[in-house]
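Visitor: Okay, handing you the structure first.
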Amino acid sequence: MDVSVPVLTPHMKTVHVPTPGMSYVGDAGRLVAGYLPPPERLAFYGGLGIAAVLGAIDWPVAAAIGIGTMVARRTGRGMEALRGRARRSTSRT
Numbered sequence: 001m002d003v004s005v006p007v008l009t010p011h012m013k014t015v016h017v018p019t020p021g022m023s024y025v026g027d028a029g030r031l032v033a034g035y036l037p038p039p040e041r042l043a044f045y046g047g048l049g050i051a052a053v054l055g056a057i058d059w060p061v062a063a064a065i066g067i068g069t070m071v072a073r074r075t076g077r078g079m080e081a082l083r084g085r086a087r088r089s090t091s092r093t
């Protein structure tokens, strides 16, 4: 006597997901490095952070110093560009 027994076999479909190569990792590193300040400014901001963590200065004071320094540097660059344009326009007349 033969009794047929249904047997279910699982089938799994695999999907190939490409992994990023070293060129992608290098590109990501260069992208992030473009947003970081130069090493001397990074050390300055790190020093502010350490001073705040150690309690030498309060963290709002450290934040205000850091933000004030950033704004002053950007404003200084903007003012230099304006002065350069003003010099060029006065030298033409």
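Under the UniProt record's numbering, the residues of the sequence shown are numbered 1 to 93, in order.
Ideal Cβ placement from N, Cα and C applies to all residues, glycine included.
Quick check on the DSSP output: the alpha helix (DSSP H) that includes V53 runs from which residue to which?
Guide: The count along the sequence shown starts at 1 and reaches residue 53 at position 53. Note, V53: alpha helix (DSSP H), P39 to L54.
Visitor: For A52 and P39, what's the separation of their Cα atoms in angstroms?
Guide: On the sequence shown, residue 52 is found 52 positions in, with the first residue counted as 1. On the sequence shown, residue 39 is found 39 positions in, with the first residue counted as 1. Cα to Cα, the separation comes out at about 20 Å.
Visitor: Please report the residue range of the alpha helix (DSSP H) in which D27 lies.
Guide: Reading the sequence shown from its first residue, position 27 is the one you call residue 27. Where D27 is concerned, the enclosing alpha helix (DSSP H) stretches over M22 to Y35.
Visitor: Could you tell me whether the Cβ atoms of L48 and A62 are closer together than 7 Å?
Guide: Translated into the one-based positions of the sequence shown, residue 48 becomes position 48. Translated into the one-based positions of the sequence shown, residue 62 becomes position 62. Against a cut-off of 7 Å, the Cβ pair of A62 and L48 comes out as a contact.
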